[in-house]
Amino acid sequence: MRHLMSPLDFTTEELEKLFCLANDIENNKAKYAHACDGKIMATCFYEPSTRTRLSFESAMIRLGGQVIGFSDAGSSSAAKGESVSDTIRVISGYADICAMRHPKEGAPMVAMEKSLIPVINAGDGGHQHPTQTLTDLLTIRSLKGTLSGFTIGLCGDLKFGRTVHSLINALVRYDNINFIFISPDELKIPDYIIEMLKNKNIPYEEVNSLDEVMPQLDLLYMTRVQKERFFNEEDYVRLKNYYILDTEKMQLAKPDMLVLHPLPRVNEISVEVDNDPRAAYFKQAEYGVYVRMALILTLLELA
Ligand code: CP
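Here it is, written out as structure tokens:
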């Protein structure tokens, strides 16, 4: 039985197979409409979500399966003190596969150890968000035609941003990727990631100014400053509007640069940028359904 805790759980060859399947699903939806007939997915979300939970549910329903779950820890027996381990043992008798989001780092891994069904980490605290990474990789591969040979700027909250940490870990396995980390000093990329890049001799730069590096970028991955990860309101208020991508900044970018964002956004991308053909974040959210359909089929050994 396979689970998904980190994007590194799949080899690059396995990811390639997954992305080919996701593209086939996108182009031949009817072919997969009954692939999960009779199967049930449990979505156990102890933390808020729109895209991840609903795209998992949409994915399972589009495959012909059904969905059970909760979207709030307060409406589950976690509110009465039930452990994640006990919850997953029980859910193993109710469903065939489980997607779990939890505010505590490592909680889906604890669940995996006791689970009798495949568990998917749907985001654990500031740690990992592997299915967002699969979504990001599929988007880049589909819209750029490759996962190698580009300069990617990651901008915003690089300290707490689990999507950023997961994506960097996944991209270092591809050739000729140059990273530019754009953040205020307080939200810099963690040291362990810098150490990993140094050990692998992967080029990176840490800067404060988005304007300065904009012309170099093939991809710009914007992130939200996450209010829920701050310990005090004052720091959040000071940093929340540090970067705002607007049409003026977009004029500095290459004509084929893509703007990605895991969403939700708050103020970091002006709505006027949505009309720019380089704004790929809504298409990215749609790819999230196809890649999760491919993942469900793979983990249930139905692909
Ligand atoms: N990208 C993402 O994880 O969005 P949600 O928090 O809405 O699931």
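Numbering (the working numbering), first residue to last: 1 to 303.
All C-beta atoms, glycine included, are put in the ideal place defined by N, C-alpha and C.
- At least one heavy atom of ligand 1 sits closer than 6 Å to the Cβ of R51.
- The straight-line gap separating the alpha-carbon atoms of K198 and R141 is approximately 25 Å.
- In the structure shown, the three-state DSSP call for D185 is helix.
- Collapsing the DSSP output to three states places Q216 in a helix.
- By the neighbour-count criterion, in which a residue is buried when 16 or more other Cβ atoms sit within 10 angstroms of its Cβ, Q251 is exposed.
- N176 is classed as exposed because its beta carbon has fewer than 16 other beta carbons within 10 Å across all chains shown.
- At least one heavy atom of ligand 1 lies less than 6 Å from the C-beta of Q132.
- Within its own chain, the residues whose Cβ lies closer than 7 Å to the Cβ of K227, once the five positions on either side in sequence are excluded, are Y236, listed in chain order.
- For H3, no beta strand (DSSP E) segment is defined, and its DSSP state is neither H nor E.
- The alpha-carbon of L116 is positioned some 5 Å away from that of S92.
- If you ignore the 5 residues before and after I182, its C-beta comes within less than 6 Å of the C-beta of G153, C155, V207, L210, all in its own chain and listed in chain order.
- The continuous beta strand (DSSP E) containing F150 extends over residues 150-155.
- Not one heavy atom of ligand 1 is found less than 6 Å from the C-beta of L137.
- Judged by their CB atoms, S85 and V110 are nearer to each other than the 7 Å cut-off.
- In this structure G123 is buried. Its beta-carbon is surrounded by 16 or more other beta-carbon atoms within 10 angstroms.
- Contact check for T163 against Q128 fails: the beta carbons are separated by 7 Å or more.
- Membership of T223 in any beta strand (DSSP E) is not indicated, and neither H nor E is assigned to it by DSSP.
- Going by C-alpha positions, G145 is about 9 Å away from T139.
- Counting along the chain, L63 sits inside no beta strand (DSSP E), nor does DSSP assign it H or E at all.
- The continuous alpha helix (DSSP H) containing A170 extends over residues 162-171.
- Around the beta carbon of M112, a 10 Å sphere encloses 16 or more other beta carbons of the protein chains shown; the residue is thus reported as buried.
- Distance check between S166 and each of N178, E233, P262 places P262 closest, using alpha-carbon atoms only.
- Short of 7 Å from the beta carbon of G149, and not among the five residues preceding or following it, lie these beta carbons of its own chain, in chain order: D175, N176.
- Around the beta carbon of S55, 16 or more other beta carbons sit within 10 angstroms, so the residue counts as buried.
- Within the model, the alpha-carbon separation for G64 versus P215 is close to 45 Å.
- The C-beta of G74 has fewer than 16 other C-beta atoms within 10 Å across all chains shown, which makes the residue exposed.
- Contact annotation: I202 and V225 have beta-carbon atoms that are not nearer than 7 Å.
- Residues Y32, Y290, M293, A294 of the same chain have their beta carbon placed closer than 7 Å to that of I25, with the five preceding and five following residues left out of the count.
- Within its own chain, the residues whose Cβ lies closer than 6 Å to the Cβ of Y287, once the five positions on either side in sequence are excluded, are T135, L138, T139, listed in chain order.
- Per the DSSP secondary-structure output, R101 pairs in a beta bridge with F45.
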